[in-house]
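First up is the structure itself, then whatever we jot down about it.
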Amino acid sequence: MANLDSKIDAWLAAEIIDDDTAARIRGFEDAPKRPLMLWAIIGIGALTILLGIISLVAANWDVISAEARLTIHLIAFVAMAAFYYWRSRSAKGEDDYYFNDAGLVILGALGLSFPPHLGQAYQLDGPIWPIMMVWLIAFSPLMLLRGRGWPVALGWMAALFALIISFMTEKSEISDDHYNILFGVHDALLIALPVIAGYAASWLNTRSDRDWFWPRLEQLGLVWQLVVASLLTLATNEVARDNGSLQYLMIPLTVLFILLPLPLINLADGKEGKGAFAVAGACGIALLVASIGLPGTILPALLFIALWVAIAFASLIPGWRALFQVAVAVVALRVIVLSFELSDDLFSSGLGLVLSGFIMLGVAWLAIRVGRKYAPDREDAA
Amino acid sequence: MSKWRIFALPLALLLPVVLLAGQWMQARSDAAEGVIWFIPVTGYDPHDMLRGHYVMLSHKWPGVADDAYPQGLCIQGKAPNIETVAELRYDDQSGDPLTDGCDAFVLSKGGYGMPDPLRVTRLYTDRERAQAIEKELANGREGTLVARIRLDGVIVPIRFESKKWSPPPPTPPT
């Protein structure tokens with residue numbers, strides 16, 4: 001602070017600021033601040049104690065009986081839950097923000113590590129998806145009622161992603177011959193869950209004061225939709241090659257992607273709703289085309305590029321700067337990869353390499369130009 | 383509405399406690415189910431790089447070739463001694479396993495990316511013991527796994543014993 005005072009004196013002497021401004025700066029700097037230093041010390045202290053307990057338990061892991069370890073685990077959870085409850089009753093407002101999300105993340109982590117701990121104690125091995133499902137049932141009310149920001153939103157969505165991915169990979173005992181439209185509808189509903197959750201979050205956002213939490217879920221739902229649509233679009237020549245059990249998945253997913261955002265158009269913030277609808281529509285149409293099964297290299301690549309060009313245009317409606325720039329970058333990368341794919345015969349000659357290099361530079365230059373010229377303005381609130 | 387709101391957080395905090403406790407009870411009863419059998423085992427190949435507080439054991443089912451990948455096994459014998467093991471037969475129509483003639487059966491329920499429970503068992507134990515077992519079973523030497531085989535065809539390991547598994551004397555026909 002003394003440093004700042006001498007600076008202000010120097011600025012006054014140099015007539016950079018006037019007396020009034022100097023007084024206001026001093027007043028602002030003297031105002032009580034969040035005691036960051038204090039919190040840092042408390043945080044480091046708590047972390048040290050926690051690490052000590054963890055290393056104490058870890059060092060004696062084999063000596064402590066399995067049931068005693070599980071009891072400790074459960075007691076730790078109950079204690080943390082009680083502490084969280086007490087803290088949420090006593091602390092109100094902004095200050096609670098950091099503790100709140102940290103507390104929820106710790107509770108979620110303790111809950112998630114309990115089933116693997118049980119597996120170790122009772123020698124049980126099993127698939128991951130039931131663990132994720134029980135976790136989501138157990139923790140969704142807490143996370144969704146209390147979440148305030150990124151950590152909880154990301155944690156909850158990650159659990160949902162993990163459930164879907166583990167279910168799709170571990171439960172895929174149905175052979176391709178037996179896969180039919182019913183399985184497809186089932187899997188499509190499952191895959192669309194994060195998208196549905198995202199739309200539900202944007203609806204809830206109109207009825208809740210936690211407007212820093214729900215938009216995070218919306219965004220993560222959108223990201224999931226883009227990833228799913230991109231991956232399935234890339235798989236289109238898989239459909240063309242064999243009889244194509246993927247079709248049974250793609251067509252219901254198309255219908256879901258296009259129908260789900262329809263109620264969203266009427267929401268208060270019309271532009272965001274229209275943007276989400278445009279993105280969803282682009283994904284849906286791309287999937288519909290992909291379900292026909294495009295052979296070869298060029299056609300699937302063109303479909304993928306068309307999808308992301310459409311996404312770039314869609315992002316202009318609500319002015320989503322980050323999405324626009326990601327879309328431009330994805331298109332540029334796909335074009336570059338395509339140029340390598342097409343010139344693989346020429347690779348050995350060296351000429352192909354030179355050509356691909358030039359195409360790469362050209363595309364990169366073009367992408368930067370497009371990004372500068374057409375990207376929506378930066379938003380502070382975004 | 384606001385009258386009920388004060389119960390929302392306590393209930394939301396209670397729900398995970400109840401479900402975690404429920405999972406614990408479930409795991410306890412799952413592990414206690416089934417009949418104890420002696421299963422011949424050898425070391426796990428390839429060498430498990432991430433081994434920690436467990437050891438991987440490869441089953442050496444008598445009568446089943448090492449390179450066979452059956453969907454299920456039918457075990458004959460008088461628990462805990464296995465006499466013969468054969469591949470499980472399945473109903474042509476429904477695809478259900480035909481387990482009627484078996485004294486115990488195991489099913490391959492592993493999903494993608496998980497070790498096939500028919501071929502490999504993970505035995506959780508402390509690090510030193512895990513290394514000792516692994517050393518003991520190196521180079522194809524054999525030992526015995528004491529395990530419960532549950533009625534749903536799942537193997538739950540109990541402990542490892544050093545003595546090499548040997549077929550029981552044939553039961554005299556009665």
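Heads up: the protein sequence lines correspond to chains A and B, in order.
The first sequence begins at 1 in my numbering and counts up by one.
The second sequence begins at 383 in my numbering and counts up by one.
From the three backbone atoms N, C-alpha and C, an ideal C-beta is built for every residue, glycine too.
Under the DSSP assignment, A:Leu-144 falls in the alpha helix (DSSP H) whose first and last residues are 129 to 146. A:Gly-111 has a beta carbon lying within less than 8 Å of a beta carbon in chain B. Comparing C-alpha distances from B:Ala-486 to each of B:Tyr-472, B:Val-502, B:Pro-422 and B:Pro-462 shows the shortest one belongs to B:Pro-462. For B:Asp-534, no chain A residue has a Cβ inside 9 Å of its Cβ, as the nearest lies near 12 Å away. At a Cβ-Cβ threshold of 8 Å, A:Ala-188 and A:Leu-262 do not count as neighbours. C-alpha of B:Leu-439 to C-alpha of A:Leu-249: approximately 39 Å in a straight line. Around B:Tyr-506, the beta-carbon contacts reaching into chain A at under 7 Å are Gln-120 and Gln-123. The beta carbon of A:Leu-142 sits closer than 8 Å to some beta carbon of chain B. When secondary structure is reduced to three states using DSSP, A:Arg-369 falls in the helix class.
Residue burial annotation: B:Pro-549 is exposed, with fewer than 16 other C-beta atoms found within 10 angstroms of its C-beta. For B:Trp-406, the nearest beta carbon of chain A is closer than 8 Å to its own beta carbon. Selection A:Leu-217, A:Pro-252 and A:Pro-376 evaluated against A:Leu-160 yields A:Leu-217 as nearest (Cα-Cα).
Within chain B, the residues Pro-398 have their CB atoms less than 7 Å from the CB of A:Phe-139, given in chain order. Taking 8 Å as the threshold, the shortest C-beta distance from A:Leu-70 to chain B falls below it. The beta carbon of B:Leu-391 sits closer than 8 Å to some beta carbon of chain A.
For A:Glu-15, there is no enclosing beta strand (DSSP E), as DSSP marks it with neither H nor E. With contacts defined as CB atoms closer than 8 Å, B:Leu-391 and A:Tyr-85 qualify as a contacting pair.
Put simply, the CB of B:Pro-462 is far from chain A, with every gap to its CB atoms at 8 Å or more. Here A:Pro-115 is buried, its C-beta having at least 16 other C-beta atoms within 10 Å. Listed along chain B, the residues sitting closer than 7 Å to A:Pro-115 by beta-carbon distance are Gln-405.
Per DSSP, the continuous beta strand (DSSP E) segment holding B:His-441 begins and ends at 436 to 441. According to the DSSP assignment, A:Pro-261 belongs to no alpha helix (DSSP H), since it is labelled neither H nor E. Counting only Cβ-Cβ distances below 7 Å, B:Arg-501 has no contacts in chain A at all, with the closest Cβ about 13 Å away. Three or more beta-carbon pairs separated by less than 8 Å link the segment 398 to 413 of chain B to the segment 123 to 132 of chain A, which places the two stretches in contact. Taken in chain order, the whole beta strand (DSSP E) runs of length 3 or more contained in the segment 192 to 268 of chain A number zero.
In this structure, B:Gln-453 lies away from A:Val-134, with their beta-carbon atoms at least 8 Å apart. Counting along the chain, the unbroken alpha helix (DSSP H) around A:Leu-299 starts and ends at 298 to 316. Any Cβ of chain A closer than 8 Å to the Cβ of B:Pro-539 would place that residue at the interface, and such an atom is present. Proximity of B:Arg-523 to chain A, defined by a Cβ-Cβ separation below 8 Å, is not satisfied. Straight-line measurement puts the Cα of A:Phe-358 at about 12 Å from the Cα of A:Val-335.
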